[in-house]
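Student:
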Amino acid sequence: MRQLRNKSEIKLLVIMCCIVYFTSYLTRLNFNASISEIIASGTLTRETAGMVSTGGFIAYGIGQLLCGYIGDKISPIKLIALGLILTATANMVIPFLTVSGFFILVWCANGFFQSMLWPPLVRIMAESLPSDKYNKAIVQIAFSSLLGTVVVYFLASACITLYNWKILFIICSLMAILVTFCWLLILNRMKLMDSIELSDIKKKDQGPSTSLPKKIWIYYLLPVAIIVMLQGIMRDGITLWMPTYLNEVFQIPIASSILTVIILPLFALVSVKLTSILYIKLKDEILGSLILFIICLFTSILLYPLYSSNAFIGILLMSMITGCMHGVNTLLISYLPARFSKMGKTSIASGGLNACSYIGSSISSFGIAYVSKLYGWHITILTFIVISSLAILFCLIARKEVKKSM
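Here it is in structure tokens:
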């Protein structure tokens, strides 16, 4: 793949990657953003809506593995375009469905289509951008995802207030279609597509790409995968259940407590920026993750005796925890896969680790609900301490092998 040197080309590529990832959040999180209204309107029951949401995330996680593998074999530009147009189709279909089973089927398909976007995006950036530009691009990509989270919730609120929830999916679908055409048009003009396809041909002529040594899988990637899963539990678990925590502990109305979710991306923005500065100094993803989990551990210990004392303190400390987890996510899912570019395994490394993150998300969706309901929030906070401690242990294991394996 041709490595870009021209500043305007680099800037344009990064902008397009950010727009694609921003769009992926609009077309993936719009169901969760409007789920309360979908239930209230009688379109779906609470149980069915939960199955739709969970099914989409499971399909997304499974798809990351498959599309991560495929993304190293075919043109990532075409794979991204295919994913965008298919997710646009799924979003356009949703408003016209009346049978609950079809909602589950279509949204699971949408989750799989979404998995076609992230692994090839990482491959394109890792192979076509100089390392310093890649590091900056990753921060901008993270910002675009957080911006997408905020925008989709505000857009959902506006659509529901002015019309109904269905218009949200139509708007997101049209956005994805527009971005697909812009993506193909601009990258075709940059001649990046031709260079990628030529590099693919050369790889085929040279035979299969070098397999990752078994030692890397066992002693390095396996503990990293566990770390990613643990951060997924913490990050998405707090994001999903913080409104319930505020309602049950402080009797804050659900409608008001939902607004606190908007605070989390703001902390995440700061965390991602600080993480990028930390990475530039350390050049070590595992050490950076270790530092962030240590901060998370002490924050969780502080939260344990204070979780029911004051709502502001609870929100602040939980926001700090999720901010640290966004930092870990950036280090291990965005920065780390670039190390495998010379092996031709960037896409599969990124997709596999991202899949582990969503395994953690799936665990947190019912795990935190189960623990908090059965044992109370004080035990739930205690699990944060345990998870942070386990993550620190696995960081130390991975850190021990990183120089030997890489």
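Sequential numbering from 20 applies to the sequence shown in the working numbering. Beta carbons are placed, not taken as given, at the ideal position from N, Cα and C, and that holds for glycine.
Quick one: Cα of I196 to Cα of I189, how far?
Tutor: Distance between the alpha carbons of I196 and I189 is about 11 Å.
Student: Taking 9 Å as the threshold (C-beta atoms), are A68 and I58 in contact?
Tutor: Yes. Within cutoff.
Student: So, at 6 Å on beta carbons, what are the nonlocal neighbours of M107 in its own chain, with the 5 sequence-adjacent residues on each side left out?
Tutor: Here the sequence assigns Ala to residue 107, which means Met is not the residue at that position. Around A107: S192, A195, I196.
Student: Let's test the definition: count the other Cβ atoms within 10 Å of the Cβ of T365 and tell me whether it reaches 16, buried, or not, exposed.
Tutor: Under this definition T365 is a buried residue.
Student: For L311, which residues in the same chain have their Cβ closer than 6 Å to its Cβ, ignoring the five residues on either side in sequence?
Tutor: Same-chain partners within the cutoff: C343, G346, V347.
Student: Tell me the residue span of the alpha helix (DSSP H) that contains M70.
Tutor: 65-90 is the span of the alpha helix (DSSP H), which, as asked, contains M70.
Student: Which word fits S151, buried or exposed, when buried means at least 16 other C-beta atoms lie within 10 angstroms of its C-beta?
Tutor: Inspection of the sequence shows that residue 151 is occupied by Asp rather than by Ser. Its Cβ having fewer than 16 others within 10 Å, D151 is exposed.
Student: Work out the CA separation of G75 and I352 for me, nearest whole Å.
Tutor: In a straight line, the C-alpha of I352 is about 20 Å away from that of G75.
Student: Look at the alpha carbon of G226 and the alpha carbon of V71, and state the distance between them as a whole number of angstroms.
Tutor: Because the pLDDT of G226 is 43, which lies under 50, any placement of that residue in the model is unreliable, and the number read from its coordinates should be weighed accordingly. Cα to Cα, the separation comes out at about 42 Å.
Student: Between the C-alpha atoms of P139 and S360, what's the straight-line distance to the nearest angstrom?
Tutor: Their Cα atoms are separated by approximately 12 Å.
Student: Taking buried to mean at least 16 other C-beta atoms within 10 Å of its own C-beta, is K30 buried or exposed?
Tutor: When all chains shown are included, K30 counts as exposed.
Student: Look up L194 in the DSSP assignment and say whether it is helix, strand or coil.
Tutor: Here residue 194 turns out to be Met, not Leu, going by the sequence shown. M194 falls in the helix class under three-state DSSP.
Student: If I measure Cβ to Cβ from Q83 and keep anything under 6 Å in the same chain, skipping five residues before and after, which residues do I get?
Tutor: Result list for Q83: S134, G370, N373, A374, in chain order.
Student: Please classify L116: does DSSP put it in a helix, a strand, or coil?
Tutor: Coil, per DSSP.
Student: Quick one: residues in its chain with C-beta nearer than 7 Å to the C-beta of L401, no 5 flanking neighbours on either side, listed in chain order?
Tutor: Closer than 7 Å at Cβ, skipping near neighbours: Y323.
Student: Among A388, R418, M248, which residue has its Cα nearest to the Cα of W260?
Tutor: Ranking the options by Cα distance to W260, first place goes to A388.
Student: Let's test the definition: count the other Cβ atoms within 10 Å of the Cβ of K300 and tell me whether it reaches 16, buried, or not, exposed.
Tutor: With fewer than 16 Cβ atoms within 10 Å of its Cβ, K300 is classed as exposed.
Student: I'd like the ranges of any alpha helix (DSSP H) spanning at least 4 consecutive residues and lying wholly in the segment 303-365.
Tutor: Taking only runs of at least 4 residues, the alpha helix (DSSP H) segments lying wholly in the segment 303-365 are 304-325, 330-348.
Student: Can you tell me the Cα-Cα spacing of R418 and L309, whole angstroms?
Tutor: One C-alpha to the other measures close to 9 Å.
Student: Which of the three DSSP states, helix, strand or coil, is assigned to M111?
Tutor: Residue state, collapsed to three classes: helix.
Student: Would you call E66 buried or exposed, if buried means 16 or more other Cβ atoms sit within 10 Å of its Cβ?
Tutor: Classification of E66: exposed, given that the 10 Å Cβ count is below 16.
Student: What's the call for Q270, buried or exposed, on a 16-neighbour Cβ count within 10 Å?
Tutor: By the neighbour-count rule (16 or more Cβ atoms within 10 Å), Q270 is not buried but exposed.
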